[in-house]
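Encoded as structure tokens, the structure appears first; notes follow it.
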Amino acid sequence: MSQAESERYVGDESTYVPLSKTAVVALLLALAAAGSVINSLLAFLGPMAIATSLMALYVFRRKKGALRGRKLAVVALCLSFLFTSWGLTRMFCHRWWLYRHADQYTRDWVKWIEEGKLAQAFAHTRGAGAKNPYTGQVEAFEGEEFFKTEPIKSIRSGKGKLTKPRYLGILETPSRAYVRISYEYVIEEEDGEERIVPVMVELMRSYHADRNRYNWYVNQVN
């Protein structure tokens with residue numbers, strides 16, 4: 386019997402030191418957590434791996450010499466921290482990118498309306514220039530009727546400006562992302578008073594790999 390094999394026994398050869406199942410599970414979860422770097426839907430695996438690794442280390446501390454696999458638990462803990470931090474960083478950077486580009490697109494879209502480029506603005510509303518029209522507010526996105534509704538009607542005056550955005554949330558599916566942003570459109574009246582028009586915009590970014598890939602569309606305006 387080799388030295389490595391003999392270390393599996395304590396006292397005499399009839400006492401076997403088992404491998405910690407918790408440590409093995411922790412390592413498997415840590416390896417699976419690598420998927421969270423690619424798919425944010427797997428982000429829950431990282432915290433699970435961390436918790437399982439800590440549990441395994443706690444068991445080793447309580448049962449000194451009664452279990453093998455402490456190194457597996459340590460490796461699992463390191464890997465789970467690595468993949469969890471990597472996945473969270475990627476997710477937050479991706480969300481920040483979506484918010485930043487959605488805000489810039491909204492400001493460009495509002496500028497088109499202020500400058501009277503209504504056809505261009507309407508072409509970038511969901512259902513007007515995209516395939517598979519959205520079935521929500523599309524009925525209101527028809528011709529001049531869309532631009533007669535608030536807050537679009539107030540924006541057409543071209544006498545105001547958008548305030549800093551307040552980000553309301555992001556919803557992502559495999560094919561697209563929806564970003565909600567809230568603004569205030571501040572209009573200075575002739576008497577010097579300011580009129581504030583609340584604007585809530587929902588934008589959609591398509592992930593379809595065709596000629597319109599990564600296009601933004603204004604999905605709803607309230």
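Position one of the sequence shown corresponds to residue 386 (the working numbering), numbered consecutively onward. Built from N, CA and C at the ideal position, the CB exists for glycine as well. Remember, it's a predicted structure, so these values are computed and weren't measured experimentally.
Setting aside the 5 residues that flank it on each side, residue 600 is surrounded in the same chain by 591, each with a C-beta closer than 6 Å to its C-beta; the list follows chain order.
For residue 435 against residue 465, the beta-carbon gap comes to about 5 Å, under 8 Å, which counts as contact. Look at the region 445-479 and you find no whole run of beta strand (DSSP E) that is 3 residues long or longer. Under the DSSP assignment, residue 406 falls outside any beta strand (DSSP E), being part of the alpha helix (DSSP H) whose first and last residues are 406-417. In the three-state reduction of the DSSP assignment, residue 554 falls in the strand class, which pools E and B.
Boundaries for residue 591: no alpha helix (DSSP H) harbours it, while the beta strand (DSSP E) harbouring it runs 579-591, taken from the DSSP string.
Taking C-beta atoms as the reference points, residue 484 and residue 564 count as a pair closer than 8 Å. Going by C-alpha positions, residue 536 is about 28 Å away from residue 558. Residue 560 has its alpha-carbon roughly 23 Å from the corresponding atom of residue 506.
By the C-beta criterion, the region 456-474 is judged to be in contact with the region 414-434, since at least 3 inter-stretch pairs fall below 8 Å.
Distance from residue 509 to residue 606 at the Cβ level is roughly 12 Å; contact not present, criterion being Cβ atoms closer than 8 Å. Going by DSSP, residue 506 is part of the alpha helix (DSSP H) stretching over 503-508. Residue 426 and residue 420 have their alpha carbons spaced roughly 9 Å apart. In the structure shown, the three-state DSSP call for residue 498 is helix.
Sixteen is the threshold: since fewer than 16 other Cβ atoms of the shown chains lie within 10 Å of the Cβ of residue 404, the residue is exposed. Under the three-state reduction of DSSP, residue 575 is assigned to coil, being neither helix nor strand. The three-state reading of DSSP puts residue 565 in strand, counting E and B together. The Cβ atoms of residue 490 and residue 556 do not sit closer than 8 Å to each other.
Closest option to residue 577, judged by alpha-carbon separation, among 416, 545, 568 and 539: 545. For residue 538, the enclosing alpha helix (DSSP H) stretches over residues 537-540.
Boundaries of the beta strand (DSSP E) around residue 602: 601-606.
Between residue 550 and residue 493, the C-beta gap is not smaller than 8 Å, which leaves the two residues out of contact.
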